[in-house]
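Asks: Residue 24 in this note's numbering is what sits at position 9 of the sequence shown, and the numbering runs on without skipping anything. Let me give you the structure first, and then I'll get to my questions.
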Amino acid sequence: MSLHDEIERVVLERIKPRPEEYEKLFSAFELVKNTIQRVLAERGLEAEITLQGSVAHDTWLSGDRDLDVFVLFPATWSRKDLESRAFPALIEAASRVGVYELRYAEHPYVHVKVGDVEADIVPGLKLEDPTQAKTAVDRTPFHTQYVNSKLTSEMRDQVRLLKKFMKATGVYGAEVRVKGFSGYAAELLVITYGSFRRVLEAASKWRPPVFVNTIGNKLEEYRGKLREKYPDSVMYMPDPVDPLRNTTAAVSLKSLAAFIFASKCYLENPGLEFFEELGEPKLEELLEALRGRCIVVLEYYLRETLPPDVVWGEALRVSSRLTSLLEVLGLRVVDYSVWSNERDLVIVSVELEHCELPRYKHYRGPCIAHEWSRIKSFIEKHLNRGFGPWITSNGCLESLDKRSERSVVDILESRWSEFTVAPHLKTVKPAVSVLNEEIVRRLLNEGAGKWLWSILVKTPHWMVKCTS
Numbered sequence: 016m017s018l019h020d021e022i023e024r025v026v027l028e029r030i031k032p033r034p035e036e037y038e039k040l041f042s043a044f045e046l047v048k049n050t051i052q053r054v055l056a057e058r059g060l061e062a063e064i065t066l067q068g069s070v071a072h073d074t075w076l077s078g079d080r081d082l083d084v085f086v087l088f089p090a091t092w093s094r095k096d097l098e099s100r101a102f103p104a105l106i107e108a109a110s111r112v113g114v115y116e117l118r119y120a121e122h123p124y125v126h127v128k129v130g131d132v133e134a135d136i137v138p139g140l141k142l143e144d145p146t147q148a149k150t151a152v153d154r155t156p157f158h159t160q161y162v163n164s165k166l167t168s169e170m171r172d173q174v175r176l177l178k179k180f181m182k183a184t185g186v187y188g189a190e191v192r193v194k195g196f197s198g199y200a201a202e203l204l205v206i207t208y209g210s211f212r213r214v215l216e217a218a219s220k221w222r223p224p225v226f227v228n229t230i231g232n233k234l235e236e237y238r239g240k241l242r243e244k245y246p247d248s249v250m251y252m253p254d255p256v257d258p259l260r261n262t263t264a265a266v267s268l269k270s271l272a273a274f275i276f277a278s279k280c281y282l283e284n285p286g287l288e289f290f291e292e293l294g295e296p297k298l299e300e301l302l303e304a305l306r307g308r309c310i311v312v313l314e315y316y317l318r319e320t321l322p323p324d325v326v327w328g329e330a331l332r333v334s335s336r337l338t339s340l341l342e343v344l345g346l347r348v349v350d351y352s353v354w355s356n357e358r359d360l361v362i363v364s365v366e367l368e369h370c371e372l373p374r375y376k377h378y379r380g381p382c383i384a385h386e387w388s389r390i391k392s393f394i395e396k397h398l399n400r401g402f403g404p405w406i407t408s409n410g411c412l413e414s415l416d417k418r419s420e421r422s423v424v425d426i427l428e429s430r431w432s433e434f435t436v437a438p439h440l441k442t443v444k445p446a447v448s449v450l451n452e453e454i455v456r457r458l459l460n461e462g463a464g465k466w467l468w469s470i471l472v473k474t475p476h477w478m479v480k481c482t483s
């Protein structure tokens, strides 16, 4: 048995659900299903109540406590019917089961807790043809049928290994927060390549844009169409049940690079580190990493509850505009990041080489060949602003002007509206600070420990195995 085999055996023993875990999840599903059936019968409604997602595919991991319960109504129903007839019934059913809340993705769904099991109750339409699907909800039952027709028992365990590897390397999840691989994408990779190790061997040779062939000899027919439909994608993996859909459209270049690098490192030097997620960091480690660095944090306090993907998307939009402004000002941006508690707090961070601009800014002006009006305007603008203007040896004007503001914090506090352009944040003035011990302590209490590690220590924990 190779070292790879031994490590994967140990990991699989840890992550494969135990019989009592199956019993707990399926008991919770039966409770939710039976309650929904009673409420629908009381209201004279008919629907098919199905289990979807990783539990239905039997690719879930030990410790998972999530159920995807899809309630499929007749295909003749409209979206308005779902909202006005189905949704109230599902809310009523959830209220009889446990504590619930409304959540939003492409459209609303109900999240309910059944003991320590959490169930998402999602209304949809029962379609005969996956190409008729207009939302991810409509398409999901076809995914379940496809995956269950392709995966053997051994392959399901290989999917578990791949999911755990992706989670530990920070690339699991298609949500905006991660921009990584969905569970379905992980399943398709194992179906395509046959095993966890073969997926990594293939990935170690990938170069963007990556094409993974999940549709056989139809790939060439759809390659151009996918590139046209998803021009910004770095990876293309057609959905076998709807080949015009790219199942890896969410994967960012950063996530793709992390997966490729981690695959290479694991194949060369296997270790349990590739399957172990980062624990909560210690305050002392974070403060030591912060010493002597300039990391500016902008804290936005939301005035309304928003879907997580909206929150993260708007935070990323702000960070993009912020870094552009800082670079125009002459500040070198080392790195930037965003974080949210997905309730009321959004943070944008940016690391700079220095927290203050130089006292003077150098300006290059017009030369002898330019129009006199431009030359005169430059002189009027820069005279008595510091030193200059002066005439250089090549016949041009230059000036060294004293800055009115040097502190990055002061600049961002006065110019916040220039980069806070996201719809739900543009009226929220951020609190701007240089990251310090008090803020680190507060954010640790908010649950931002792993994010703080990522912006302070920066090196992924598995990367130490790349050089050993």
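All C-beta atoms in this analysis are idealised placements derived from N, C-alpha and C, irrespective of residue type, glycine included. A quick note: this is a predicted structure, and the numbers were derived from the prediction, not measured.
Who does Asp-135 pair with in a DSSP beta bridge?
Replies: Asp-83 and His-126, per the DSSP bridge assignment.
Asks: Alpha carbon to alpha carbon, what distance is there between Ile-275 and Val-479?
Replies: Looking at the two C-alpha atoms, the distance is approximately 15 Å.
Asks: Measure the Cβ-Cβ separation of Lys-39 and Val-132 and say whether it is below 8 Å.
Replies: Result yes, Cβ atoms of Lys-39 and Val-132 sit closer than 8 Å.
Asks: As a quick exercise: from Glu-386, Tyr-378, Val-127 and Ala-62, pick the residue whose alpha carbon is nearest that of Gly-401.
Replies: Looking at the Cα atoms, Tyr-378 is the closest of the given residues.
Asks: Looking only at its own chain, which residues have a Cβ that is under 6 Å from the Cβ of Pro-323, when we skip the five neighbours before and after it?
Replies: Excluding residues within five positions, the ones whose Cβ falls inside 6 Å are Glu-357.
Asks: In whole angstroms, what separates the C-alpha of Pro-123 from that of Gly-113?
Replies: Straight-line Cα distance between these residues: approximately 18 Å.
Asks: Can you give me the Cβ contacts of Ala-104 inside the same chain, cut-off strictly under 8 Å, excluding the 5 residues immediately before and after it?
Replies: Closer than 8 Å at the Cβ level, and outside the excluded window around Ala-104, lie Ile-51, Val-54, Leu-55, Arg-58 and Leu-60.
Asks: Could you give the distance in angstroms between the alpha-carbon of Tyr-387 and the alpha-carbon of Ile-394?
Replies: Looking at the sequence itself, residue 387 is Trp, so the reference to Tyr does not match. Roughly 11 Å separates the two Cα atoms.
Asks: What are the residues that DSSP puts in a beta bridge with Ile-64?
Replies: Paired residues: Val-86.
Asks: What does a CB cutoff of less than 8 Å around Gly-462 pick up in its chain, not counting 5 residues either side in sequence?
Replies: Excluding positions up to five away in sequence, the list reads Asn-356.
Asks: Express the C-alpha separation of Glu-98 and Thr-91 in angstroms, rounding to a whole number.
Replies: Using only the alpha carbons, I get a separation of about 14 Å.
Asks: Please confirm if the segment 206-223 is in contact with the segment 173-187, defined as three or more CB-CB distances below 8 Å between the two stretches.
Replies: Short answer: they touch.
Asks: What did DSSP end up calling His-397 once you bin it into helix, strand or coil?
Replies: His-397: helix per DSSP, three-state reduction.
Asks: Spatial neighbours of Ala-304 within its chain, please: C-beta separation below 7 Å, excluding the five flanking residues on both sides.
Replies: Leu-471 and Val-472, listed in sequence order.
Asks: Closest by CA to Asp-257, which one among Ile-230, Ser-270 and Pro-246?
Replies: When only C-alpha atoms are compared, the closest one is Ile-230.
Asks: If I measure Cβ to Cβ from Pro-223 and keep anything under 8 Å in the same chain, skipping five residues before and after, which residues do I get?
Replies: For Pro-223, where only same-chain residues beyond five positions count, the Cβ hits under 8 Å are Val-249, Met-250, Leu-268 and Leu-271.
Asks: Of all the options Glu-452, Ala-183, Leu-341 and Leu-412, which has the alpha carbon lying nearest to the alpha carbon of Val-424?
Replies: Comparing Cα-Cα distances from Val-424 to each of Glu-452, Ala-183, Leu-341 and Leu-412, the minimum goes to Leu-341.
Asks: Quick one: Cα of His-385 to Cα of Cys-411, how far?
Replies: If you take the alpha carbons of His-385 and Cys-411, they lie about 9 Å apart.
Asks: Three or more beta-carbon pairs under 8 Å between the segment 440-451 and the segment 272-291, yes or no?
Replies: Flag = no, the segment 440-451 and the segment 272-291 do not touch.
Asks: Taking Cβ to Cβ, would you say Val-191 is nearer than 8 Å to Trp-354?
Replies: No, these two residues do not count as a Cβ contact at 8 Å.
Asks: If you reduce the DSSP assignment to three classes, tell me which class Asn-94 lands in.
Replies: One detail in the question is off: residue 94 reads as Arg in this sequence, not Asn. Arg-94 falls in the helix class under three-state DSSP.
Asks: When the Cβ atoms of the segment 365-379 are set against those of the segment 304-316, are three or more pairs found closer than 8 Å?
Replies: Yes: at least three Cβ pairs fall under 8 Å.
Asks: Report back the beta-carbon spacing between Val-47 and Ile-136 to the nearest angstrom; my notes put them in contact at under 8 Å.
Replies: Indeed they touch by this definition, with Cβ atoms about 7 Å apart.
Asks: Based on the DSSP output, what are the partners of Lys-244 in its beta bridges?
Replies: DSSP lists no partner for Lys-244.
Asks: So, Gly-195 versus Val-205, is the Cβ gap smaller than 8 Å?
Replies: No.
Asks: What does a CB cutoff of less than 6 Å around Lys-376 pick up in its chain, not counting 5 residues either side in sequence?
Replies: Closer than 6 Å at Cβ, skipping near neighbours: Asp-416 and Arg-418.
Asks: Use the C-beta contact count for Asp-247: other C-beta atoms within 10 angstroms, 16 or more gives buried, fewer gives exposed.
Replies: Asp-247 should be labelled exposed.
Asks: Comparing alpha-carbon positions, which option in Thr-167, Ala-201, His-158 and Val-129 lies nearest Lys-179?
Replies: That would be Ala-201, whose Cα lies nearest to the Cα of Lys-179.
Asks: Taking 8 Å as the limit between beta carbons, can you name the residues of its chain near Leu-302, skipping five residues before and five after?
Replies: Hits under 8 Å: Glu-452 and Val-455.
Asks: Taking Pro-138 as the reference, give the member of Arg-374, Trp-221 and Thr-65 with the closest Cα.
Replies: Ranking the options by Cα distance to Pro-138, first place goes to Thr-65.
Asks: Considering only C-alpha positions, which residue in the set Leu-360, Leu-337 and Asp-359 is nearest to Val-349?
Replies: When each option's Cα is compared against that of Val-349, the closest is Leu-337.
Asks: Which residues mark the beginning and the end of the beta strand (DSSP E) in which Ala-446 is found?
Replies: Looking at the DSSP string, the run of the beta strand (DSSP E) that includes Ala-446 is 446-449.
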